[in-house]
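Undergrad: Protein chains in written order, with the numbering used here: chain A, 1 to 138; chain L, 1001 to 1138.
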DNA sequence: ACTAAATCTACCATATTAGTAGACTAATTA
DNA sequence: TAATTAGTCTACTAATATGGTAGATTTAGT
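Structure representation (structure tokens):
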């Protein structure tokens, strides 16, 4: 299951995406409008800033804003940042491969082959969904 | 990430699948050959028995065996039993729908629409993969 | 200097995961 | 019927992840 952190992060990004190229938005405004615990949101936005998606300004008139075009922000990448690899097992991850501790032999593991199919299915959807696509869904 | 429990369970089922229609297999044999903690495996096999996939016999000559044809055992169902719904969020689950606590309004939530696509992608793979298919992979 | 707003450091409670220990029950066989 | 075998049940436990909170600090604008 996707953790709250990722869901909150996506909601916040959507909020900022709708104000793309507008003025800075307060954490507290996003927190209120999206019903996200403010302190938790702080940490999430900071992480997305450190990964290069947002910028922030302190003091009066400050706040957060999106610095990438919503067309160029992919949901798969956001979820990897906020929740880790998309793959269902570490042995089936492309971006963070590691042999699963549960399997005596990674090479011959058939579960891995199946999970690689699943990972590909997930990635195909999430890596092709831009923030813009998401905002335009209905 | 898929919990160890589900991975162990799948490995054990594969082991029993290869001996389909043979004599009962000891928990301790599966535990040794598949390198699964025995006590943990006990609980997993019991669960699969209670769901109708396995039968067990106590005493000498006892053990566990698969009672469904491997063609009729679907990995999606096994994972649902051992690890819960396949969907990435509760709001996108078909088998266990519940509104996510993170979203003010499920109806209009665009994240849900995306996650429903993901859930469908996952389910399409796992619900069409039988234990037999899995055993025949290479 | 004052105030607004992000940032940093350090916690904390709860739930989940991944087990373990040990008594108990049921079936077989000598 | 007694001993043995093997699954079942109840009750813990340790470690980790999740979902936060509190409060001091830094930076920027007026």
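Glycine is no exception: its CB is placed at the ideal position from the N, C-alpha and C atoms.
(1) Closest by CA to residue 1080/L, which one among 1091/L, 1068/L, 1089/L and 1095/L?
(2) Which of the three DSSP states, helix, strand or coil, is assigned to residue 118/A?
(3) Whether or not the segment 1023-1035 of chain L and the segment 115-126 of chain A are in contact is what I'm after, with contact meaning three or more pairs of Cβ atoms, one per stretch, closer than 8 Å; do they touch?
(4) Measure the Cβ-Cβ separation of residue 127/A and residue 67/A and say whether it is below 9 Å.
(5) Do you know how far the Cα of residue 135/A is from the Cα of residue 105/A?
(6) So, does the segment 1099-1114 of chain L touch the segment 1045-1052 of chain L, judging by three or more C-beta pairs under 8 Å?
(7) Does the Cβ of residue 17/A have 16 or more other Cβ atoms within 10 Å, making it buried, or fewer, making it exposed?
(8) With 8 Å as the C-beta to C-beta threshold (strictly closer), list the residues of the segment 1105-1121 of chain L near chain A in chain order.
(9) Starting from residue 1095/L, find everything on chain A with Cβ-Cβ shorter than 9 Å and list it in chain order.
(10) Using a Cβ-Cβ cut-off of 9 Å, state whether residue 44/A counts as contacting chain L.
(11) Tell me, please, which residues DSSP counts as bridged to residue 130/A.
(12) What residues of chain A sit near residue 1099/L, judged by a beta carbon separation below 9 Å?
(13) On a CA-only basis, which of 82/A, 8/A, 137/A and 110/A is nearest residue 33/A? Give me that one, please.
(14) Measuring CA to CA, which of 1131/L, 1092/L and 1107/L is closest to residue 1114/L?
(15) How would you write the range of the beta strand (DSSP E) that residue 1064/L sits in, first residue to last?
(16) For residue 28/A, which residues in chain L fall below 8 Å Cβ to Cβ?
(17) How big is the Cα-Cα spacing for residue 1031/L and residue 1072/L?
(18) Considering only C-alpha positions, which residue in the set 1038/L, 1012/L and 1063/L is nearest to residue 1070/L?
(19) Taking the DSSP output, what are the residues bridged to residue 1057/L?
(20) Can residue 150/A and residue 129/A be called in contact, C-beta distance under 9 Å?
(21) Is the CB-CB distance between residue 2/A and residue 1108/L below 9 Å?
(22) Kindly list the residues whose CB is nearer than 8 Å to the CB of residue 22/A, restricted to its own chain and excluding five residues on each side of it in sequence; keep chain order.
(23) Classify residue 1063/L as buried or exposed, calling it buried when 16 or more other Cβ atoms lie within 10 Å of its own Cβ.
(24) Looking at C-alpha atoms only, which residue of 10/A, 39/A and 51/A is the closest neighbour of residue 131/A?
(25) Using only CA atoms, which one of 1015/L, 1036/L, 1082/L and 1057/L lies nearest to residue 1051/L?
(26) Assuming residue 19/A and residue 1110/L are in contact, meaning their beta carbons sit under 8 Å apart, how far apart are those beta carbons, in whole angstroms?
(27) Would you call residue 112/A buried or exposed, if buried means 16 or more other Cβ atoms sit within 10 Å of its Cβ?
TA: If we stick to the structure as given:
(1) Start at 1 with the first residue of the second chain, and residue 1080/L comes out as number 80. Taking only the C-alpha atoms, the option nearest residue 1080/L is 1095/L.
(2) Residue numbering aside, residue 118/A sits at position 118 when the first chain is read from its first letter. Three-state DSSP puts residue 118/A in a helix.
(3) no
(4) Here residue 127/A refers to the residue found at position 127 when the first chain is read from its first residue. Here residue 67/A refers to the residue found at position 67 when the first chain is read from its first residue. Their beta carbons are not under 9 Å apart, which means residue 127/A does not touch residue 67/A by this criterion.
(5) Taking the first chain and counting its residues from 1, one reaches residue 105/A at position 105. Taking the first chain and counting its residues from 1, one reaches residue 135/A at position 135. Using only the alpha carbons, I get a separation of about 43 Å.
(6) no
(7) For the purposes of this step, residue 17/A is identified with residue 17 of the first chain, where counting begins at 1. Per the 10 Å Cβ criterion, buried.
(8) 1110, 1111, 1113, 1114, 1115, 1117, 1118 and 1121
(9) Locating residue 1095/L in the second chain gives position 95, where the first residue counts as 1. Under the 9 Å cutoff, chain A gives no residues; its nearest Cβ is about 14 Å from residue 1095/L.
(10) In the first chain, counting from the first residue as 1, residue 44/A sits at position 44. With 9 Å as the cut-off, residue 44/A does not count as an interface residue toward chain L.
(11) Taking the first residue of the first chain as position 1, residue 130/A is located at position 130. DSSP output for residue 130/A lists 74/A as bridge partner(s).
(12) Start at 1 with the first residue of the second chain, and residue 1099/L comes out as number 99. Neighbours of residue 1099/L on chain A: none; closest Cβ ~12 Å, over 9 Å.
(13) The count along the first chain starts at 1 and reaches residue 33/A at position 33. Checked all of 82/A, 8/A, 137/A and 110/A; the closest Cα to residue 33/A is 8/A.
(14) Counting from one through the second chain, the residue named residue 1114/L turns up at place 114. Of the candidates 1131/L, 1092/L and 1107/L, the one whose C-alpha sits nearest the C-alpha of residue 1114/L is 1092/L.
(15) Locating residue 1064/L in the second chain gives position 64, counting from the first residue. Residue 1064/L -> beta strand (DSSP E) spans 1063-1066.
(16) Along the first chain, read from residue 1 onward, the residue named residue 28/A stands at position 28. Those do not exist, as residue 28/A stays about 16 Å from chain L at its closest Cβ, beyond 8 Å.
(17) In the second chain, residue 1031/L corresponds to position 31, counting from 1. In the second chain, residue 1072/L corresponds to position 72, counting from 1. When rounded, the distance between both Cα atoms is 24 Å.
(18) Residue numbering aside, residue 1070/L sits at position 70 when the second chain is read from its first letter. It is 1012/L whose Cα lies nearest to the Cα of residue 1070/L.
(19) Taking the first residue of the second chain as 1, we reach residue 1057/L at position 57. Paired residue(s): 1063/L.
(20) No answer is possible for residue 150/A: it lies beyond the span of chain A, which begins at 1 and ends at 138.
(21) The residue given as residue 2/A occupies position 2 in the first chain. The residue given as residue 1108/L occupies position 108 in the second chain. No.
(22) Within the first chain, residue 22/A is the residue found at index 22, counting from 1. Result list for residue 22/A: 65, in chain order.
(23) Within the second chain, numbered from 1, the residue matching residue 1063/L stands at position 63. Buried, because 16 or more other Cβ atoms sit within 10 Å of the Cβ of residue 1063/L.
(24) To locate residue 131/A, count along the first chain from 1; it is residue 131. Among 10/A, 39/A and 51/A, the Cα nearest to that of residue 131/A belongs to 10/A.
(25) Position 51 of the second chain, counted from the start, is the residue given in the question as residue 1051/L. For residue 1051/L, the nearest C-alpha among the options comes from 1082/L.
(26) Looking up residue 19/A in the first chain gives position 19. Looking up residue 1110/L in the second chain gives position 110. Not quite, the Cβ-Cβ distance comes to about 16 Å (not below 8 Å), so this is no contact.
(27) The residue you call residue 112/A lines up with position 112 of the first chain. It counts as buried.
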